[in-house]
Amino acid sequence: MASEALIVCVTGGSGFIGSWLVRLLLEKGCTVHATVKDLDDAGETKHLCDLHGAATRLHLFQIDLLDYSSLLAAIRGTAGVFHLASPCIVDRVRDPEGELLDPAVKGTINVLRAAKECGVRRVVVTSSISAIIPSPSWPADVVKDEECWTDVDYCKENEIWYPASKTLAEKAAWKFAEENGLDVVAVNPGTVMGPVLPPVVNASMEMLVRLLQGFSSAFRMGDLELTNLPAPCCRRCHARFLGFPIVTYPDGYPSK
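The opening position of the sequence shown corresponds to residue -1 in my numbering, with each subsequent residue numbered one higher.
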C-alpha cells in the first residue's frame, strides 16, 4: 500500500509500541484512527495529540475490545488495521478470563469482524513471542518456526496466563482469516524496550525496571537478551507488513 493519503487504524494507539507506530504513520503522511481506552485521560491522549501531523490527520476513538460497535466506528473508512490492543499484566492475574483471555481472544475476533465488514484490505495482528514459548515439548535443537506454538495446557497448569492469551488470540486470528478470506499478518515481537513516548512504563520496560531493582530471580537473562527488540525497529516491522516500502533495520541486534 502506498502511504500517501492512506487511512489506517491502530488499536492500542496510546501504548508503548502503538504510540511509536502512530508517530511513524503520521510521518509517512497517513491519516490515523488510533484507539484509546479513555478519551478523557490525558495520559493516553496528550502525547499522541502532540505528535507532528496529529492536528489534521489523527483521530482518536474510545473503544472497548468487547464492544463490537466501538471497534466498528474506529475501523470504518480505513484501508488497513494494526491490531495492538491487548492486556499485558506483569503481576498475578486474579481473573484470567476477564482480565486477559476474553479481551485478547474475543477482542481480536471483534477487530477482524469489523475489518471484514468495513472492507479493510489487510490486518496486521500484534501477537508475541509468548505465542511461541513456553513450548517445553519442542526439541531443544530445532529452530522454532510457524509450527511451534506455546503449550496452552502447560500455561494453564502453571497459571502463566499472558502467553496463553496471546496464543489463543493468534490461533483465533488465523482461523478467522482462513474461514472468512481476510488478509491477516501476525507479528511476534519479543521483549520490546527503548524510548517511551507515553507517560507510563509498559510491561516490557517494567521487566527492565524490576531487573534494575534486583528482582533478577524472576527472569533468565539469556532469554531477555535474545528476545530484545528496540521500539523503533518494532514499529517499522509493523509498517512493513502493511505494505510500506523497504524498512531499514539497525545493525547489531541478534536475529535468533
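Don't be surprised by glycine CBs; every beta carbon is placed ideally from N, CA and C.
Subject >> Helix, strand or coil at Val150 according to DSSP, with G and I counted as helix >> reply: helix
**OP:** Taking the CB atoms as reference points, tell me whether Pro137 and Thr148 lie closer together than 7 Å.
**Re:** In this structure, Thr148 does not lie closer than 7 Å to Pro137 by Cβ.
**OP:** Taking 8 Å as the threshold, find out whether the segment 101 to 112 comes into contact with the segment 78 to 87 through three or more Cβ pairs.
**Re:** yes
Subject >> Cut-off 6 Å between Cβ atoms - residues of its own chain near Pro94, not counting five sequence neighbours on either side >> reply: Trp159
Original post:
By Cβ distance below 8 Å, which residues in the same chain neighbour Val6 in space, the five residues on each side in sequence not counted?
Top reply: The beta carbon of Val6 sits closer than 8 Å to those of Leu23, Cys28, Thr29, Val30, His31, Thr76, Ala77, Gly78, Val79, Phe80 and Leu240, all from its chain and outside the five residues before and after it, given in chain order.
Original post:
Okay, do the segment 198 to 209 and the segment 10 to 19 touch, 3+ Cβ pairs below 8 Å being the bar?
Top reply: Touching, per the Cβ criterion.
Original post:
Rounded to a whole number of angstroms, what is the C-alpha to C-alpha distance between Thr33 and Cys153?
Top reply: Cα to Cα, the separation comes out at about 30 Å.
**OP:** Return the chain-ordered list of same chain residues with a C-beta closer than 8 Å to the C-beta of Asp181, the five sequence neighbours on each side being excluded.
**Re:** Arg119, Arg120, Val121 and Ala175
Original post:
Does the separation of the CB atoms of Lys164 and Ser126 fall below 7 Å?
Top reply: yes
Original post:
Going by alpha carbons, who is nearest to Ser128 out of Val141, Glu168, Val183 and Gly96?
Top reply: Glu168
Subject >> Expected contact under 8 Å - CB spacing of Thr106 and Val123 to nearest Å >> reply: 7 Å
Original post:
In whole angstroms, what is the alpha-carbon distance linking Leu4 and Arg55?
Top reply: 10 Å
**OP:** Measure from the alpha carbon of Val183 to the alpha carbon of each residue in Val20, Glu144 and Ala162, then state which is nearest.
**Re:** Per the C-alpha coordinates, the member of Val20, Glu144 and Ala162 positioned closest to Val183 is Glu144.
Original post:
In chain order, what residues of the same chain lie with their CB nearer than 6 Å to the CB of Asn178, ignoring the 5 residues before and after it?
Top reply: Lys114
**OP:** Would you tell me roughly how many angstroms separate the C-alpha atoms of Glu262 and Glu155, rounded to the nearest one?
**Re:** This structure leaves residue 262 out entirely; the chain is present only between -1 and 254.
Original post:
Under the DSSP definition of a beta bridge, which residues are partnered with Gln211?
Top reply: Gln211 pairs with nothing; no bridge assigned.
Subject >> Exposed unless 16 or more other CB atoms sit within 10 angstroms - verdict on Thr207 >> reply: In the sequence as displayed, the identity of residue 207 is Val instead of Thr. It counts as exposed.
Original post:
Skipping 5 residues on each side, what residues in its chain have a beta carbon closer than 7 Å to that of Cys86?
Top reply: Tyr160 and Ala201
Original post:
Which one of Leu37, Leu98 and Pro196 has the shortest CA to CA distance from Ala162?
Top reply: Per the Cα distances, Leu98.
Original post:
Where does Leu23 fall in DSSP's three states?
Top reply: helix
**OP:** Would you mind giving the Cβ-Cβ distance between Leu195 and His45, rounded to the nearest angstrom? I have them listed as a contact below 8 Å.
**Re:** 5 Å
Original post:
Since Ala102 contacts Leu166 with CB under 8 Å, what's their CB separation in whole angstroms?
Top reply: 7 Å
Original post:
On the three-state DSSP scale, how would you describe Gly51?
Top reply: coil
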